[in-house]
Amino acid sequence: MKKAVALLSGGFDSLLAVRIMQKQGFEVVGLNVITPFCDTSSAALEAAEMLGIECRVLRTDDSYLELVRHPKYGYGKGVNPCLDCHLFMIHRAKELMEELGAEIVITGEVIGQRPMSQQRHHLEMLDYHSGISGRLVRPICGKLLPPTEAELIGIVDREQLYALSGRGRAPLHQLGEQLDVPKIKSAMAGCVLTEISFAPRVRDLIRHENEMTEMWEYEILRFGRHIRFDRETRIVVGRRESDCDFLSAKFRECCARRSDVMYWEPESFMGPSVMLIGRIDEETKRFALNVQVGYSKNAVPGNIVFHRYFQTEDWIEPFEPTEGFDHKQFRPM
Ligand code: SF4
Numbered sequence: 005m006k007k008a009v010a011l012l013s014g015g016f017d018s019l020l021a022v023r024i025m026q027k028q029g030f031e032v033v034g035l036n037v038i039t040p041f042c043d044t045s046s047a048a049l050e051a052a053e054m055l056g057i058e059c060r061v062l063r064t065d066d067s068y069l070e071l072v073r074h075p076k077y078g079y080g081k082g083v084n085p086c087l088d089c090h091l092f093m094i095h096r097a098k099e100l101m102e103e104l105g106a107e108i109v110i111t112g113e114v115i116g117q118r119p120m121s122q123q124r125h126h127l128e129m130l131d132y133h134s135g136i137s138g139r140l141v142r143p144i145c146g147k148l149l150p151p152t153e154a155e156l157i158g159i160v161d162r163e164q165l166y167a168l169s170g171r172g173r174a175p176l177h178q179l180g181e182q183l184d185v186p187k188i189k190s191a192m193a194g195c196v197l198t199e200i201s202f203a204p205r206v207r208d209l210i211r212h213e214n215e216m217t218e219m220w221e222y223e224i225l226r227f228g229r230h231i232r233f234d235r236e237t238r239i240v241v242g243r244r245e246s247d248c249d250f251l252s253a254k255f256r257e258c259c260a261r262r263s264d265v266m267y268w269e270p271e272s273f274m275g276p277s278v279m280l281i282g283r284i285d286e287e288t289k290r291f292a293l294n295v296q297v298g299y300s301k302n303a304v305p306g307n308i309v310f311h312r313y314f315q316t317e318d319w320i321e322p323f324e325p326t327e328g329f330d331h332k333q334f335r336p337m
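Structure (structure tokens):
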């Protein structure tokens, strides 16, 4: 049986692309790529189950950060290096294609759907730099593109590709109904790099990076409030319980050997946990503790105790807030 590797985000277009190639007799294996800024793996796995295909999930390594720092093809409206990112994912799909002995890679791209990455010349550029030129097939809009080698040698039937373009969703949904593409229930979380309000956090971290900076520091940018204290030091204050859970997990997983990172939770009141990264001394700890108390409605002066996690050592520490400290002066990024 002919095999294809599909970049599977779990979005409707990626399901549609898979279904089109299944109709052509391909066994499709999905590939979902998790970046520090976008995790659609649950949606992709759910979609794979509905389509009856296997889906591999791949977490990006440090090489992904390099394209966020210095994108060859620039950013979109946020700090989203979409063309570089697409190329990165296509290269990963190529590796899986070679591993599985598959004939083609497919994507759910539609000409003209996204201004940053899906114009005709973008698709042609991605094809050119993919390393699998001629084997990269866009089933939804393939008839609007020059025939690929896979079509010319008869692996793919061009007549069974489609010619949809533009931003309208209606034709895609009609085609989905025609091809019996399963409906997606849950809304997918998007990529935070496209959010203009998220960009300052990424730019700040890039500007202040040093040789100690690691992938997890980019991963935590999606969680909590991030406040810079000085060139070396920043704090992260949880906003929701899920932020605190994520920070705690990352601290335990990644910071065992980092003497420049501290994490603690309140013990005597309900409030957010805090991560302090950079210069750790009395001044920065006091600042972080004051901000943390400022964000806690239930902290009563005279009775404030923190549960501190420092590397493997856990202990309890009382604290008296600085009089007149106003945490609102320090706006999160
Ligand atoms: S939106 Fe985010 S995940 Fe998607 S291509 Fe752009 S940078 Fe990559």
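Going by the numbering used here, the sequence shown opens with residue 5, and the numbers climb by one from there.
We treat Cβ as the ideally placed atom computed from N, Cα and C, and that holds for glycine.
With DSSP as the reference, please indicate the residues paired to residue i in a beta bridge.
i	result
Arg262	BP columns for Arg262 are empty, so no partner.
Trp268	Val278 and Arg312
Pro336	Per DSSP, none; premise fails for Pro336.
Glu321	Phe310
Ala8	Val32 and Ile108
Val241	Arg229 and Val278
Measuring alpha carbon to alpha carbon, tell me which of the options ends up nearest residue i.
i	options	result
Pro303	Ala8, Leu197, Pro270 and Met337	Note on residue identity: the sequence assigns Ala, not Pro, to residue 303. The residue with the shortest Cα to Cα distance from Ala303 is Pro270.
Glu218	Arg244, Asp264, His177 and Gly228	Asp264
Lys27	Asp65, Gln182, Pro85 and Arg283	Gln182
Leu165	Val22, Tyr313, Gly15 and Gly14	Val22
Ile224	Ile144, Leu280, Arg211 and Tyr299	Leu280
Gly158	Arg139, Leu149 and Leu168	Arg139
Gly14	Pro305, Ala52 and Glu31	Ala52
His74	Val206, Lys98 and Lys332	Val206
Glu221	Leu20, Val33, Gly34 and Thr39	Thr39
Lys6	Asp66, Met101, His311 and Asp285	Met101
Glu213	Val295, Asp234 and Gly242	Asp234
Met216	Val109, Glu286 and Arg261	Arg261
Arg3	Thr288, Asp285, Val297 and Gln122	Absent from the model: residue 3. The displayed extent of the chain is 5 to 337, so no value can be given.
Arg173	Phe227, Ser121, Cys195 and Ile115	Ile115
Leu19	Ser46, Phe41 and Met54	Met54
Glu287	Gly328, Thr237 and Leu148	Thr237
Leu62	His95, Asp161, Cys86 and Lys187	His95
Glu70	Gly82, Cys59, Phe92 and Lys81	Phe92
Cys259	Gly282, Asp247 and Ser272	Gly282
Pro305	Glu324, Val241 and Val295	Glu324
Just mark residue i as buried or exposed, buried being the case when its beta carbon has 16 or more other beta carbons within 10 Å.
i	result
Trp268	buried
Leu197	buried
Asn84	buried
Tyr77	buried
Pro276	buried
Asp184	exposed
Met274	exposed
Ser137	exposed
Tyr313	buried
Ile108	buried
Met170	Correcting the residue identity first, residue 170 is Gly in this sequence and not Met. Exposed, by the Cβ-count rule.
Thr111	buried
Asn307	exposed
DSSP three-state label for residue i, please.
i	result
His230	strand
Glu107	coil
Val22	helix
Gly298	helix
Ile94	helix
Phe291	helix
Glu102	helix
Arg246	Checking the displayed sequence, the identity of residue 246 turns out to be Ser instead of Arg. Ser246: helix per DSSP, three-state reduction.
Phe16	helix
Phe255	helix
His74	coil
Lys27	helix
Asp285	coil
Asp330	coil
Is residue i near the ligand FAD - that is, is its Cβ less than 7 Å away from at least one heavy atom of it?
i	result
Pro40	You won't find the ligand FAD in this model; what it holds is the ligand SF4.
- Query: Curious, which full-length alpha helix (DSSP H) runs of at least 4 residues does the stretch 114-157 contain?
  - Reply: 124-133 and 153-156
- Tell me the start and end of each unbroken beta strand (DSSP E) in the stretch 29-71 that is at least 3 residues and wholly inside, in chain order. 31-38 and 58-63
- Task: Pick out the complete alpha helix (DSSP H) segments inside the stretch 160-238, 4 residues or longer, and give them in chain order.
- Result: Taken in chain order, the unbroken stretches of alpha helix (DSSP H) that lie wholly in the stretch 160-238 and span 4 residues or more are 174-182, 203-212 and 219-223.
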